[in-house]
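Q:
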Amino acid sequence: MGLAVLLLFSLALTACERASTTQGEPSVRVGSKKFTESVILGEMVSQLARSTGASVRHRRELGGTAVLWEALRRGELDVYPEYTGTLRQELLSGRKLPDDAALRVALAEEGLRMSAPLGFNNTYALGMKEAEAERLGIRSISDLREHPELRFGFSNEFMERGDGWPALRDSYRLPQRDVRGLDHDLAYRGMEAGSVQVTDLYSTDAEIAAYGLRVLVDDLHHFPAYDAVLLYRADLEARAPEALAAILRLSGTLSEEKMVKLNARARLERVPEAQVASDFLAQALGVSTVVHGDSLVSRVWLRTREHLFLVGVSLLGALALAVPLGVLASRSPRLGQGVLGLAGVIQTIPSLALLVMMIPLLGIGFRPAIAALFLYSLLPIVRNTASGLTGIPLEVRESADALGLPPRARLWRIDLPMASPSILAGIQTAAVINVGTATLGALVGAGGYGQPILTGIRLDDTRLILEGAVPAAVLALLVSGAFEALGRVLVPKGLRLRAESESR
Amino acid sequence: MYALQDVSKRFGTTQALHALNLTLPTGRTTVLLGPSGCGKSTLVRLLNGLLHPDTGQVLYGGKPLPTDAKALLSLRHRVGYALQGGGLFPHLTGEENVTLMAQHLRWSPAKTRERRDVLVELTRFPAEALARYPAQLSGGQRQRVALMRALMLDPEVLLLDEPLGALDPLVRHELQADLRAIFARLRKTVVLVTHDLAEAGFLGDDIVLMREGRVVQQGSLVDLETRPADPFVTRFIQAQRLAPGNGASA
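First to last, the sequence lines map onto chains Y and Z.
For the first sequence, my numbering gives the first residue as 630, with consecutive numbering after it.
For the second sequence, my numbering gives the first residue as 3, with consecutive numbering after it.
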C-alpha cells in the first residue's frame, strides 16, 4: 500500500512539473558535480546556451557522479561536465574500454554523446614547491629517482588506490623511504612548513596556484587520463541545435594552467562561479554574458519557499498514510509490529543512501527528496498514532463500546480526539526532523537551505554555511512552535484540563 | 428480561464464571452481590455483549443476544451502561457526553434538549455544570453524568457496574438515595453490581449473591438472612454487619 501511495504521489508531482515546463524556446538542463571546477564548467555551459536564447536550468552541486549519470540517462539533464577517466574507470568500468573511440561507441548505445576534450586533464599528479623543484632540477616523476632523500606525504586515498602510491612506486621504481599517509589539507600545510616535499594532487587544484607548486610530468603515463569533456544527450542536437553548437565551442579552450587559475579565483578569491565563467567566456570566446547575483534576502526567500515545499508536501503525504497505518497498528498488535518494524528499518537507512536509491525511481530534483522525507516521516507519526490510541484508558474504551457507537463514529468522535495530543506530537517530531533532513535535498537538486550549506562546505566559506544553517534552525524552531500553537487549537480543551490537573 | 442458560466464561486459566442459570425479572432492580473476583462484573458484561459466553446462551426478551456487529449496536442502544468512575470521555463536556449518542443518531436539537432537561431534573444534576469537562466535575457529578448518558436513549435496561464504588461516604449516601428514587420512578429493569451488602439491600428488589464464579443464592435480603442457602451467605452477611463503616471503605 505504501508503494502505491508513493507512486501516486510521484505521478502527481510529475504532472505539476510537466505543466510548468512547457514553453516555446528550447530548454537546456545543465548539471554539475559538487566541486568547484564542475560548477564553473556548468556555469560556462549554462551561459553559452542562454546566449543563444535557450531557457536554461543549471542544477548545481548534485551529490556525486552516479546522480548525474543517472539523471542524464533518464533525460532529466541534457548536459554535464565529466572526465573520460571517470567514464572509463568508474561508470563503464565493466566494459573495459581501451580508448576514447570505444568510449564514444559505448556512450552512443546509451543515447549519449561526448564533446571533444575541453583541453585539460584533471588527473592524479605529483607536485612540489616550484622553487625547490627548480633547485633540484625536477620536472618529471622520473626525475624523482635521483633524489631518494625526498619526504613524501600522500593523501590516505592515494596511499590505498589501485593506481596510487604502490603502483606508482613500482612503475617508476621510486626509491623514497619517507612516505607518509595524511589528510590532504595537512599535506599542503606540510609543504608550506617543509616537512613534506612531494604530495599527490589533482592536476587542476586551485592550491597549485596558491602554494606555487610545480606539477611533475607523468612521463611514463602511469595515471589514466581524466580529460574533461561535456557529456550530453544525443537528442539535444535535434532539440536545441544552436545552444549545443554554442556549448561545444568550449572544446579545446581550457588548458590545465587556465583551469587552475579559474579554480583558484573561485575557491581562494571567493569570486562567484558565474562571474568566473562569464569573465572567461568574454575573454576566450568573445561571448559576453550578464551575471546577476540575487540579494541575500531574495536568495533566502527562494530557499525558504523550496524548503517549505519539500517539508510541507512530504509531511502531508506522510500524514495521509501514517495516521491510517497507526490506526491499523493499534487494532492488531501483530500488524502493528510489522508496520513499526518496517518504518523503523526505513529510518535506519542513511539519508544520502535513501536519496540516491530514489533517483532511479523518481529522478533528480524535488521528487526523490520529497519521497525520502515522506518515508522518514512515517515512523514518528505511525508510532505516536498507535501509542496514542492504545493508551486510551480501558474504562473509556469500554464506555464507547457499551454505548453502541459504530466503529467509524467511534474513531472520529472518541479515539482520534483522545489520541490527538500524541498524534500531534508525532507530526511535530516528523516536521522538525524533516526541516533538518531536507537540507540534504540539495544533493539531488531539490534546492532548499541545503544549497548554500553545500556551497559553503565546498568553498570552506562559513558565511555561506550560516546562510543555510541559520534559516534552517530558525525554521525548525518556528515549525515546532507552530505545532505547539496548533496543539492549543486542535487538542480538545477537556484533555488539556486533564493534563493540567494531573501535573498539579 | 434476561435469562442465562448454562453460561460460563473463562479468561486464560481463570474460570471467571462456572456454568450458571439465572433469570433477571423485567421492571425490577437486581443486585449482583459478592466479594471482588466473584464474577459479578463479568456477568454484567455478558448482558450487553461486551463479553461473549464460552458456553450456553444469554436470552434477552426470550431471544439469544445477537452476535453480528450491527444488531449488537442496536441492542446496546436499548441497554444503558455505566461503570465505576463513570468512564466519561474526557475530551467532551458533561453535556456532550450525555448527548453523544443523540447527536450520532441525528436527533433534532429540540428533542435532544428536552431529553437532557428531563435527565438533569431526574438526576438532580446542577444544570450550570453541564458545560464543564469531566476533569472539572466532582466524583458524584461525574457519576450523575454517566447515569444521564446511560439513560439518554431511554433504554429498556440499565446496567450499573459498581456505580458508587469510587465515591466518598457522604456523596455515596446521597447518591444511593437518589438512585433508589430514580429506579422507583423509571420502573426499568436495572442490574447493579456491588460488593456492599447495605447498598444491595437498599437498592435491590432482588439480590444475586455470587462467590468464585457461581451463584450462591438469589432472593431478597430477608431471604438471604433468614433462609441462607449456604454457610457462606451467613458469613458474608455477618462480615459486612460486623465491620462498621465497611460500606464505604472497601
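For glycine and all other residues, C-beta sits at the position ideal for the given N, C-alpha and C.
Computed from a predicted model, the values in this text were never measured in an experiment.
Would you kindly work out how many angstroms separate the C-alpha atoms of ALA241 (chain Z) and LEU969 (chain Y), rounded to a whole number?
A: Taking the first residue of the second sequence as 1, we reach residue 241 (chain Z) at position 239. Taking the first residue of the first sequence as 1, we reach residue 969 (chain Y) at position 340. Distance between the alpha carbons of ALA241 (chain Z) and LEU969 (chain Y) is about 52 Å.
Q: On the three-state DSSP scale, how would you describe PHE185 (chain Z)?
A: Along the second sequence, read from residue 1 onward, the residue named residue 185 (chain Z) stands at position 183. PHE185 (chain Z): helix per DSSP, three-state reduction.
Q: Quick check: the Cα distance between LEU1040 (chain Y) and SER1028 (chain Y), rounded to an integer number of angstroms?
A: Walking along the first sequence from the start, residue 1040 (chain Y) turns up at place 411. Walking along the first sequence from the start, residue 1028 (chain Y) turns up at place 399. Computed Cα separation, rounded: 13 Å.
Q: By the criterion of Cβ-Cβ separation under 7 Å, what are the contact partners of VAL952 (chain Y) in chain Z?
A: Stepping through the first sequence from its first residue, residue 952 (chain Y) is reached at position 323. Within 7 Å Cβ-Cβ: nothing; VAL952 (chain Y) doesn't reach chain Z, min ~17 Å.
Q: Might you give, ordered along the chain, the residues of its own chain that have their beta carbon closer than 7 Å to the beta carbon of VAL120 (chain Z), omitting 5 neighbours on each side?
A: On the second sequence, residue 120 (chain Z) is found 118 positions in, with the first residue counted as 1. Here the set comprises nothing.
Q: Find the nearest neighbour of MET820 (chain Y) within the set Y:GLN805, Y:THR833, Y:SER800 and Y:ARG843, judged by alpha-carbon distance.
A: What you label residue 820 (chain Y) is simply residue 191 of the first sequence in a count that begins at 1. It is Y:ARG843 whose Cα lies nearest to the Cα of MET820 (chain Y).
Q: Hey, SER744 (chain Y) and LEU873 (chain Y): beta-carbon distance below 7 Å or not?
A: For the purposes of this step, residue 744 (chain Y) is taken as residue 115 along the first sequence, with counting starting at 1. For the purposes of this step, residue 873 (chain Y) is taken as residue 244 along the first sequence, with counting starting at 1. No.
Q: From this set, Y:PHE852, Y:LEU1008, Y:GLY1116 and Y:LEU1104, which residue's C-alpha is nearest ALA947 (chain Y)'s C-alpha?
A: If you number the first sequence from 1, residue 947 (chain Y) lands on position 318. With distances taken between Cα atoms, ALA947 (chain Y) lies closest to Y:LEU1008.
Q: Can you give me the Cβ contacts of GLY682 (chain Y) inside the same chain, cut-off strictly under 7 Å, excluding the 5 residues immediately before and after it?
A: Residue numbering aside, residue 682 (chain Y) sits at position 53 when the first sequence is read from its first letter. GLU654, listed in sequence order.
Q: Excluding the 5 residues flanking ARG679 (chain Y) on each side, which residues of the same chain have their C-beta closer than 6 Å to its C-beta?
A: The sequence position of residue 679 (chain Y) within the first sequence is 50, counting from 1. VAL685.
Q: Quick check on DSSP: helix, strand or coil for LEU160 (chain Z)?
A: The residue you call residue 160 (chain Z) lines up with position 158 of the second sequence. Note: LEU160 (chain Z) maps to strand in three-state DSSP.
Q: Is there a Cβ of chain Y sitting closer than 7 Å to that of ALA137 (chain Z), yes or no?
A: For this step, residue 137 (chain Z) is matched to residue 135 along the second sequence. Judged by the 7 Å Cβ criterion, ALA137 (chain Z) is in contact with chain Y.
Q: Using Cβ-Cβ distances below 7 Å, what residues of the stretch 1013-1032 of chain Y are close to chain Z?
A: Here the close residues are GLU1024, VAL1025, GLU1027, SER1028, ASP1030, ALA1031 and LEU1032.
Q: I'd like to know if MET103 (chain Z) contacts chain Y, where contact means its C-beta is closer than 7 Å to some C-beta of that chain.
A: The sequence position of residue 103 (chain Z) within the second sequence is 101, counting from 1. Yes, MET103 (chain Z) lies at the interface with chain Y (some Cβ there is under 7 Å from its Cβ).
Q: Using a Cβ-Cβ cut-off of less than 7 Å, give me the residues of the stretch 1109-1125 of chain Y that come near chain Z, in sequence order.
A: Within the stretch 1109-1125 of chain Y, the residues whose Cβ lies closer than 7 Å to some Cβ of chain Z are PRO1121, LYS1122, GLY1123 and LEU1124, listed in chain order.
Q: Mind checking which residues open and close the alpha helix (DSSP H) that includes THR1058 (chain Y)?
A: By one-based count along the first sequence, residue 1058 (chain Y) stands at place 429. Element bounds for THR1058 (chain Y): 1045-1066.
Q: What does the Cβ neighbour count give for PHE13 (chain Z), buried or exposed, with the cut at 16 atoms within 10 Å?
A: In the second sequence, residue 13 (chain Z) corresponds to position 11, counting from 1. Classification for PHE13 (chain Z): exposed.
Q: Around the C-beta of SER784 (chain Y), are 16 or more other C-beta atoms found within 10 angstroms, so that it is buried, or is it exposed?
A: Counting from one through the first sequence, the residue named residue 784 (chain Y) turns up at place 155. That one is buried.
Q: Can you find a CB in chain Y that lies within less than 7 Å of the CB of HIS54 (chain Z)?
A: Position 52 of the second sequence, counting from 1, holds the residue named residue 54 (chain Z). No, HIS54 (chain Z) does not count as interfacial toward chain Y.
Q: Compile a chain-ordered list of the residues in the stretch 61-78 of chain Z whose CB is closer than 9 Å to at least one CB of chain Y.
A: Listed by position, the residues of the stretch 61-78 of chain Z near chain Y (Cβ gap below 9 Å) are ALA71, LYS72, LEU74, LEU75, SER76, LEU77 and ARG78.
Q: Can you give me the Cβ contacts of GLY215 (chain Z) inside the same chain, cut-off strictly under 6 Å, excluding the 5 residues immediately before and after it?
A: Along the second sequence, read from residue 1 onward, the residue named residue 215 (chain Z) stands at position 213. So the qualifying residues of the chain are GLN17, ALA18, LEU19, HIS20 and GLY41.
Q: Can you list the residues of chain Z that MET1047 (chain Y) reaches, using a CB-CB cut of under 8 Å?
A: Taking the first sequence and counting its residues from 1, one reaches residue 1047 (chain Y) at position 418. Going along chain Z in sequence order, the residues near MET1047 (chain Y) (Cβ under 8 Å) are PHE91, PRO92 and HIS93.
Q: With DSSP collapsed to three states, give me the class of GLU690 (chain Y).
A: Taking the first sequence and counting its residues from 1, the one referred to as residue 690 (chain Y) is at position 61. Of the three classes helix, strand and coil, the one that applies to GLU690 (chain Y) here is strand, per DSSP.
Q: Roughly how many angstroms lie between the CA atoms of HIS776 (chain Y) and GLU885 (chain Y), to the nearest whole one?
A: Taking the first residue of the first sequence as position 1, residue 776 (chain Y) is located at position 147. Taking the first residue of the first sequence as position 1, residue 885 (chain Y) is located at position 256. For HIS776 (chain Y) and GLU885 (chain Y), the distance between alpha carbons rounds to 27 Å.
Q: Under DSSP, the alpha helix (DSSP H) around LEU830 (chain Y) begins and ends at which residues?
A: On the first sequence, position 201 is the one that residue 830 (chain Y) refers to. Careful: LEU830 (chain Y) lies outside any alpha helix (DSSP H), inside the beta strand (DSSP E) at 827-831.
Q: From LEU670 (chain Y) to ALA906 (chain Y), what does the alpha carbon distance come to, in whole angstroms?
A: To locate residue 670 (chain Y), count along the first sequence from 1; it is residue 41. To locate residue 906 (chain Y), count along the first sequence from 1; it is residue 277. Going by the C-alpha atoms only, they are around 7 Å apart.
Q: Going by other Cβ atoms of all chains shown within 10 Å of its Cβ, with 16 needed for buried, is VAL952 (chain Y) buried or exposed?
A: The residue given as residue 952 (chain Y) occupies position 323 in the first sequence. The residue is buried, with at least 16 neighbouring Cβ atoms inside 10 Å.
Q: Should ASP856 (chain Y) and ASN750 (chain Y) be called a contact, given that it needs their Cβ atoms to be closer than 7 Å?
A: Mapped onto the first sequence, residue 856 (chain Y) falls at position 227. Mapped onto the first sequence, residue 750 (chain Y) falls at position 121. Yes, Cβ-Cβ distance for ASP856 (chain Y) and ASN750 (chain Y) is below 7 Å.
Q: May I ask you to list the residues that DSSP assigns as paired with GLY810 (chain Y)?
A: Here residue 810 (chain Y) is taken as the residue at index 181 of the first sequence, counted from 1. DSSP lists Y:PHE783 as partners of GLY810 (chain Y).
Q: If you draw a straight line from the alpha carbon of SER807 (chain Y) to that of TRP794 (chain Y), how long is it in whole angstroms?
A: For the purposes of this step, residue 807 (chain Y) is taken as the residue at position 178 of the first sequence. For the purposes of this step, residue 794 (chain Y) is taken as the residue at position 165 of the first sequence. Per the sequence shown, the amino acid found at residue 807 (chain Y) is Asp instead of Ser. Each residue's Cα considered, the two are about 13 Å apart.
Q: Would you say ALA1054 (chain Y) reaches chain Z, if we count a Cβ-Cβ gap shorter than 7 Å as a contact?
A: The sequence position of residue 1054 (chain Y) within the first sequence is 425, counting from 1. So, not an interface residue.
Q: Just the Cα atoms here: how many angstroms apart are LEU1107 (chain Y) and LEU1069 (chain Y)?
A: Looking up residue 1107 (chain Y) in the first sequence gives position 478. Looking up residue 1069 (chain Y) in the first sequence gives position 440. Distance between the alpha carbons of LEU1107 (chain Y) and LEU1069 (chain Y): 20 Å.
Q: Could you give the residue range of the alpha helix (DSSP H) that holds LEU169 (chain Z)?
A: Working through the second sequence from its first residue, we reach residue 169 (chain Z) at position 167. It is not in any alpha helix (DSSP H) - LEU169 (chain Z) carries neither H nor E in the DSSP assignment.
Q: Could you pull out every residue in the same chain whose Cβ sits closer than 6 Å to the Cβ of ARG868 (chain Y), ignoring the five residues on either side in sequence?
A: On the first sequence, residue 868 (chain Y) is found 239 positions in, with the first residue counted as 1. Within the same chain, ARG868 (chain Y) has close Cβ partners PRO655.
Q: Output the boundary residues of the beta strand (DSSP E) element that contains LEU26 (chain Z).
A: Looking up residue 26 (chain Z) in the second sequence gives position 24. Element bounds for LEU26 (chain Z): 16-26.
Q: Measure the alpha-carbon distance for VAL147 (chain Z) versus GLU1024 (chain Y) and round it to whole angstroms.
A: If you number the second sequence from 1, residue 147 (chain Z) lands on position 145. If you number the first sequence from 1, residue 1024 (chain Y) lands on position 395. Roughly 15 Å separates the two Cα atoms.
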